[in-house]
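Once you know that position 230 of the sequence shown is 230 in UniProt numbering, the rest is easy, because the numbers rise by one and skip nothing.
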Amino acid sequence: MHKLFNQPQPKLATAIGQTFILAYRESTHVLEQTLTEAGLSCGVLRQADRPEYQDYASIYRCLLNHQQAWMQAAHAQQPTLIVEADFVPVIGFGELPLPFNLSQPDVGICWLYTCAPQLYSVTQEGFGEGYSTGLVAYIVTPKAAQLLCQFVTEITQAHGTGYYNFDSYIDCYLRQHQLKNYIAFRNYGEHGGKPNPEHRRNGMSGIHRADVLYGELAFLPPYAQASKHPLLCLLLARLRARLKGIGRLLLGKFLRLQVLRRSTVPWRLLGFALRRQLYVYREF
């Protein structure tokens with residue numbers, strides 16, 4: 001039994017039916033090998049390079065690549081794991097617990113990597129229902145995948161093919177369709193990518209990292225590999241991310257005061273939030 005949850009939880013490697021790595025032209029060899037060794041069956045879906053795509057915003061092309069995976073996930077019998085090419089899993093990734101109840105019929109998406117997460121509630125079993133933006137690594141159920149394919153159509157009709165930060169609205173869209181979304185207790189890996197210039201041009205932060213990890217990373221993130229001092233770069237990046245995560249907790253951004261006040265089990269939410277950030281463990 002994993003010590004976080006109140007009952008035995010299936011491991012990722014046994015609960016996940018299929019895994020897709022989404023990429024453009026990046027090498028995915030190390031990530032594929034790592035996930036395969038973790039017991040996951042991987043496929044790579046590469047972003048199409050069609051002439052009509054040249055005028056599309058990069059984020060919209062990213063949406064179309066996720067749609068490829070959602071179309072396949074919609075017909076699966078088990079939940080599907082989807083990761084982007086710059087995801088760096090922690091060691092023992094496949095042995096980590098599934099962060100939601102597999103038998104629950106109204107599960108939508110579960111973020112294994114969170115960006116600007118918020119905690120809404122904690123179930124009796126210990127699972128965190130909540131919000132995240134970003135689609136670096138997540139699990140999607142067949143029901144949610146069907147809805148997300150519809151989501152792409154609605155986004156395109158409303159906003160066209162230009163820049164639109166679609167991933168910030170996935171939680172709301174799925175909840176409007178009576179699905180519940182979950183966030184992992186801690187991040188199952190790191191976002192290894194470099195700053196995104198398109199986000200910065202549109203007034204968004206061009207960089208984000210995991211605020212708290214489940215453990216040591218399986219390999220050096222790309223952002224550190226490119227540095228003259230890789231380990232120092234990793235150390236500083238992780239330190240900044242940890243401080244930012246603790247800051248969000250103290251400022252009431254991870255667990256908002258009004259959410260805590262409305263909860264019938266506030267101690268459960270507080271316990272989840274505090275243990276998530278303040279428990280001593282090793283990241284590298």
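Ideal Cβ positions, reconstructed from N, Cα and C, are used throughout, including at glycine.
* Does the segment 170 to 187 come within contact of the segment 41 to 55, defined as at least 3 CB pairs closer than 8 Å? -> Because the criterion of three Cβ pairs below 8 Å is not met, the segment 170 to 187 and the segment 41 to 55 do not touch.
* What's the C-alpha gap between LYS228 and ALA237? -> Straight-line Cα distance between these residues: approximately 14 Å.
* Asked: Alpha carbon to alpha carbon, what distance is there between ALA224 and GLU26?
  -> One C-alpha to the other measures close to 16 Å.
* First through last residue of the alpha helix (DSSP H) which encompasses TYR60 -> Residues 58 to 73.
* Runs of alpha helix (DSSP H) wholly within the segment 104 to 184 (minimum 4 residues, chain order) -> Correct list: 142 to 159 and 170 to 176.
* CB TYR188 to CB PHE93, shorter than 8 Å? -> For the 8 Å CB-CB criterion, TYR188 and PHE93 form a contact.
* **Residues bridged to GLU84 (per DSSP)** => Residue pairing from DSSP places GLU84 in a beta bridge opposite LEU22.
* Segment limits, alpha helix (DSSP H) that includes VAL265 -> Segment: none, VAL265 is in no alpha helix (DSSP H) and carries neither H nor E.
* Please determine if the segment 136 to 152 and the segment 113 to 124 are in contact, where contact requires at least 3 C-beta pairs separated by less than 8 Å. => When Cβ pairs closer than 8 Å are counted between the two stretches, the segment 136 to 152 is seen to touch the segment 113 to 124, the count reaching three or more.
* Report all residues from its chain with a CB closer than 8 Å to the CB of GLN150; omit the five preceding and five following residues, and keep chain order. => Spatial neighbours of GLN150 in its own chain (CB-CB distance under 8 Å, excluding positions within 5 residues in sequence) are not present.
* How about ALA69 and GLY17: do their beta carbons lie closer than 8 Å? -> The answer is no: Cβ separation not under 8 Å.
* **Whole-angstrom distance between PHE87 and THR80, CA atom to CA atom** => The straight-line gap from Cα to Cα measures roughly 16 Å.
* **Distance CB(GLY39)-CB(ALA13) smaller than 8 Å** => In this structure, ALA13 lies closer than 8 Å to GLY39 by Cβ.
* Asked: With burial defined as no fewer than 16 other Cβ atoms inside 10 Å of the residue's Cβ, what is the status of CYS62: buried or exposed?
  -> Here CYS62 is buried. Its C-beta has 16 or more other C-beta atoms within 10 Å.
* Find out if the Cβ-Cβ distance for the pair ARG275, VAL122 is shorter than 8 Å. => The beta carbons of ARG275 and VAL122 sit no closer together than 8 Å.
* Asked: Of the residues LEU174, TYR164, GLY130 and PRO266, which one's Cα is nearest the Cα of LEU148?
  -> A check of alpha carbon separations from LEU148 across LEU174, TYR164, GLY130 and PRO266 identifies LEU174 as the nearest.
* Asked: Assuming VAL140 contacts ALA241 under a Cβ cut-off of 8 Å, what Cβ separation, rounded to an integer in Å, is found between them?
  -> Not really, about 25 Å apart at Cβ, beyond 8 Å.
* Grouping DSSP H, G and I as helix and E and B as strand, with all else coil, what is LYS11? -> Strand, per DSSP.
* From which residue to which residue does the alpha helix (DSSP H) around ARG209 run? -> Where ARG209 is concerned, there is no enclosing alpha helix (DSSP H), given that its DSSP letter is neither H nor E.
* **Beta-bridge pairing of ARG46 - partner residues as DSSP gives them** => As computed with DSSP, ARG46 is found in a beta bridge with ALA23.
* Who are the near neighbours of PHE127 in its chain, counting only those whose CB is closer than 8 Å to its CB and skipping five residues on each side? -> Hits under 8 Å: PHE5, PRO99, PHE100, ASN101 and TYR182.
* Rounded C-alpha distance that separates TYR214 from VAL90 -> Put simply, the backbone Cα of TYR214 is about 7 Å away from that of VAL90.
* Asked: Do you know whose CA, among ALA23, GLU125, SER168 and THR153, lies nearest GLN118's CA?
  -> When only C-alpha atoms are compared, the closest one is SER168.
* Rounded straight-line distance, which links the Cα of ILE21 to that of GLY43 -> Using only the alpha carbons, I get a separation of about 6 Å.
* Asked: If LEU255 sits next to GLN277, beta carbons under 8 Å apart, how far is it from one beta carbon to the other, in whole angstroms?
  -> A Cβ-Cβ distance of about 10 Å is found for the pair LEU255 and GLN277, leaving them out of contact under the 8 Å criterion.
* Within this structure, are the beta carbons of LEU234 and LEU220 separated by less than 8 Å? -> Their beta carbons are under 8 Å apart, which means LEU234 touches LEU220 by this criterion.
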